[in-house]
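Trainee: Residues 573 to 887 (our numbering) make up the sequence shown, in order.
A virtual CB, placed ideally from N, CA and C, is assigned to each residue, including glycine.
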Amino acid sequence: MFVCRSEKNVLTFTTHNLLFHPPFMKFRYLLLCLLALSLGTATADAASKKKNKKVAKVEIPALKSVSSSAFSYAIGMAQVPSLLQFVQQRHGVDSTQIENFISGLRNNYSEAEIARMRSIVAGSEIGHQIIQQNVPLINRQATGKEDTTYVNTDLLLQGLIEGLRGGGTLTPDSAAKIVESQFKYQEEQVKKANADFLVQYKKQKGVKATSSGLLYKVVKQGTGALPADTAQVEVHYEGKLIDGTVFDSSYQRGQTATFGVTQVIKGWTEALKMMPVGSEYELCIPYELAYGERGTRGIPPYSTLVFKVELIAIK
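1. Can you tell which of Pro633, Ser640, Arg678 and Glu882 has its C-alpha closest to the C-alpha of Tyr788?
2. Does DSSP put Tyr809 in a helix, a strand or coil?
3. Decide if Thr868 is buried, meaning its Cβ has at least 16 other Cβ atoms within 10 Å, or exposed.
4. Along the chain, where does the beta strand (DSSP E) containing Tyr859 start, and where does it finish?
5. Roughly how many whole angstroms lie between the Cα atoms of Ala891 and Leu877?
6. Does DSSP put Ile702 in a helix, in a strand, or in coil?
7. What does the Cβ neighbour count give for Leu729, buried or exposed, with the cut at 16 atoms within 10 Å?
8. Helix, strand or coil: which one does DSSP assign to Glu882?
9. Under three-state DSSP, which class holds Asp820?
10. Evaluate Leu677 with the Cβ neighbour count: other Cβ atoms within 10 Å of its Cβ, from every protein chain shown; 16 or more gives buried, anything less gives exposed.
11. With burial defined as no fewer than 16 other Cβ atoms inside 10 Å of the residue's Cβ, what is the status of Met597: buried or exposed?
12. Is the beta carbon of Ala829 sitting closer than 7 Å to the one on Ser821?
13. Given 8 Å as the limit, is there contact between the segment 811–820 and the segment 747–757, that is, 3 or more CB pairs closer than that?
14. What are the residues that DSSP puts in a beta bridge with Tyr788?
15. Ala862 and Ile837 - do their beta-carbons sit closer together than 7 Å?
16. Quick check: the Cα distance between Ala694 and Ile703, rounded to an integer number of angstroms?
17. Ala797 and Val849 look like a contact to me (Cβ under 8 Å); what is the Cβ gap, rounded to whole Å?
18. In angstroms with no decimal places, state the Cα-to-Cα distance between Val652 and Glu759.
19. List the DSSP bridge partners of Ala829.
20. If we ignore side chains and look at the alpha-carbon of each, how far apart do Lys775 and Met847 end up?
21. If we ignore side chains and look at the alpha-carbon of each, how far apart do Asn679 and Leu736 end up?
22. With H, G and I counted as helix, E and B as strand and the rest as coil, what does DSSP make of Thr715?
23. Output the distance between the C-alpha atoms of Ile857 and Val771, rounded to the nearest integer angstrom.
24. Can you give me the start and stop residues for the alpha helix (DSSP H) that Arg737 sits inside?
25. Using the Cβ count rule (16 or more neighbours within 10 Å means buried), how would you classify Ile889?
26. What span of residues does the alpha helix (DSSP H) with Pro799 cover, start to end?
27. Measure the alpha-carbon distance for Ala885 versus Gly864 and round it to whole angstroms.
28. Measure the C-alpha to C-alpha separation of Val805 and Glu842 and round it to an integer number of angstroms.
29. Please report how far the alpha carbon of Ser691 lies from the alpha carbon of Ser641, in whole angstroms.
30. I'd like to check one pair, Lys792 with Glu854: are the Cβ atoms closer than 7 Å?
31. Who are the near neighbours of Gly740 in its chain, counting only those whose CB is closer than 6 Å to its CB and skipping five residues on each side?
32. Using a 10 Å radius around the Cβ and a threshold of 16 neighbouring Cβ atoms, would you call Val762 buried or exposed?
Laid out in structure tokens, this is it:
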């Protein structure tokens, strides 16, 4: 057994019973020691070269100051994209109003003047909203129709302005009672008209009633299966208010509708489960089984609804 190592290009080795190995073992040992010496020398040379290698210098160009005029103009121009987006989204200023915006930008108004102009803009926006949006809704709640002239906009604004100035012939509380009185009156008129319609409809030939108050006529009795609560059904339909106004129609859209039996108003769910596939019914649904005391878009509160329904298929 022998060990050979190289340290700082000095070769050392030890032997154990070397004289008792055959001659070729001595030769192999000699080769191994020479190889170790060679590797040690190469490693030392590489390390020496690495230490002596020079590091290239990185040239950093010197920065130059931008002139005040160039910088000032550039900082203004750089803000344009974000400023345009901000004033359009936050203030509604589009390309047609840019010159007006620039006028305000240049004039450097005082805080007091800005507050004055801001108040004018707020008043203009609210006044526009009252006339264009609120008055039609108030008319509908007060009379049942949006296109009436029941609400006099001049007097509405007069009451609003006098109240804002701390005057007027009414207090806000007494005024609110008058408004509520008219709304309540109209509510009772609507309830009565829809209840009367149900009474008259029930007198028609062929009308049947369920215990819930649903009224219906069988226009065509199908021979298919009855839908279950979990079924998806394909239907054609048209819905009307008692004055004949059509508020929804798959016929007008030119395509059938598909939905779950229990995903519709109560009157529909009850009727669908009585209709074999292939049937056509006319339904008269009281508000309790429809959209209730609140109504929904296009359907006033307390509305009795009349539907033509064709059950095409169960999905």
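Mentor: By the coordinates alone:
1. Taking the sequence shown and counting its residues from 1, one reaches residue 788 at position 216. With distances taken between Cα atoms, Tyr788 lies closest to Glu882.
2. Here the question's residue 809 lines up with position 237 in the sequence shown. Three-state result, Tyr809: strand.
3. Taking the sequence shown and counting its residues from 1, the one referred to as residue 868 is at position 296. Exposed: under 16 other Cβ atoms inside 10 Å.
4. Locating residue 859 in the sequence shown gives position 287, where the first residue counts as 1. For Tyr859, no beta strand (DSSP E) encloses it, and the DSSP letter there is neither H nor E.
5. Summary: the structure shown does not reach residue 891, with the chain confined to residues 573 through 887, and so no result is reported for it.
6. As a position in the sequence shown, residue 702 is number 130, starting the count at 1. Helix at Ile702.
7. For this step, residue 729 is matched to residue 157 along the sequence shown. Answer is exposed; the Cβ neighbour count stays below 16.
8. Here residue 882 corresponds to residue number 310 of the sequence shown, with the count starting at 1. In this structure, Glu882 counts as strand in the three-state DSSP scheme.
9. To locate residue 820, count along the sequence shown from 1; it is residue 248. Asp820 falls in the strand class under three-state DSSP.
10. By one-based count along the sequence shown, residue 677 stands at place 105. Flag for Leu677 reads exposed.
11. By one-based count along the sequence shown, residue 597 stands at place 25. Any reading at Met597 must be qualified, since the residue scores a pLDDT of 47, below 50, and its modelled position is unreliable; no value is offered.
12. The residue labelled residue 829 in the question sits at position 257 within the sequence shown. The residue labelled residue 821 in the question sits at position 249 within the sequence shown. Against a cut-off of 7 Å, the Cβ pair of Ser821 and Ala829 comes out as no contact.
13. By the C-beta criterion, the segment 811–820 is judged not to be in contact with the segment 747–757, since fewer than 3 inter-stretch pairs fall below 8 Å.
14. Translated into positions along the sequence shown, residue 788 becomes position 216. Paired residues: Lys780 and Leu855.
15. The residue given as residue 837 occupies position 265 in the sequence shown. The residue given as residue 862 occupies position 290 in the sequence shown. Going by C-beta atoms, Ile837 is nearer than 7 Å to Ala862.
16. Translated into positions along the sequence shown, residue 694 becomes position 122. Translated into positions along the sequence shown, residue 703 becomes position 131. Taking the straight line joining both Cα atoms gives about 14 Å.
17. On the sequence shown, position 225 is the one that residue 797 refers to. On the sequence shown, position 277 is the one that residue 849 refers to. Rounded, the Cβ-Cβ distance is 6 Å, consistent with contact.
18. Taking the sequence shown and counting its residues from 1, one reaches residue 652 at position 80. Taking the sequence shown and counting its residues from 1, one reaches residue 759 at position 187. Rounded to the nearest angstrom, the two C-alpha atoms are 54 Å apart.
19. The residue given as residue 829 occupies position 257 in the sequence shown. DSSP, once it has assigned bridges, lists Val807 as partnering Ala829.
20. Residue mapping note: residue 775 aligns to position 203 of the sequence shown, counting from 1. Residue mapping note: residue 847 aligns to position 275 of the sequence shown, counting from 1. Approximately 22 Å between the Cα atoms of the pair.
21. As a working note, residue 679 is residue 107 in the sequence shown. As a working note, residue 736 is residue 164 in the sequence shown. Roughly 31 Å between the two C-alpha positions.
22. Position 143 of the sequence shown, counted from the start, is the residue given in the question as residue 715. Of the three classes helix, strand and coil, the one that applies to Thr715 here is helix, per DSSP.
23. The residue you call residue 857 lines up with position 285 of the sequence shown. The residue you call residue 771 lines up with position 199 of the sequence shown. The alpha-carbon atoms of Ile857 and Val771 are separated by roughly 12 Å.
24. By one-based count along the sequence shown, residue 737 stands at place 165. Careful: Arg737 lies outside any alpha helix (DSSP H) and carries neither H nor E.
25. Given that the chain is displayed from residue 573 to residue 887, the structure contains no residue 889 and the question cannot be resolved.
26. The residue labelled residue 799 in the question sits at position 227 within the sequence shown. No alpha helix (DSSP H) holds Pro799; DSSP gives it neither H nor E.
27. As a working note, residue 885 is residue 313 in the sequence shown. As a working note, residue 864 is residue 292 in the sequence shown. Cα to Cα, Ala885 sits roughly 29 Å from Gly864.
28. As a position in the sequence shown, residue 805 is number 233, starting the count at 1. As a position in the sequence shown, residue 842 is number 270, starting the count at 1. For Val805 and Glu842, the distance between alpha carbons rounds to 13 Å.
29. For the purposes of this step, residue 691 is identified with residue 119 of the sequence shown, where counting begins at 1. For the purposes of this step, residue 641 is identified with residue 69 of the sequence shown, where counting begins at 1. So the two alpha carbons sit approximately 37 Å from each other.
30. One-based indexing of the sequence shown puts residue 854 at position 282. One-based indexing of the sequence shown puts residue 792 at position 220. No, these two residues do not count as a Cβ contact at 7 Å.
31. In the sequence shown, residue 740 corresponds to position 168, counting from 1. Answer for Gly740: Glu734, listed in chain order.
32. Looking up residue 762 in the sequence shown gives position 190. Val762 comes out buried.
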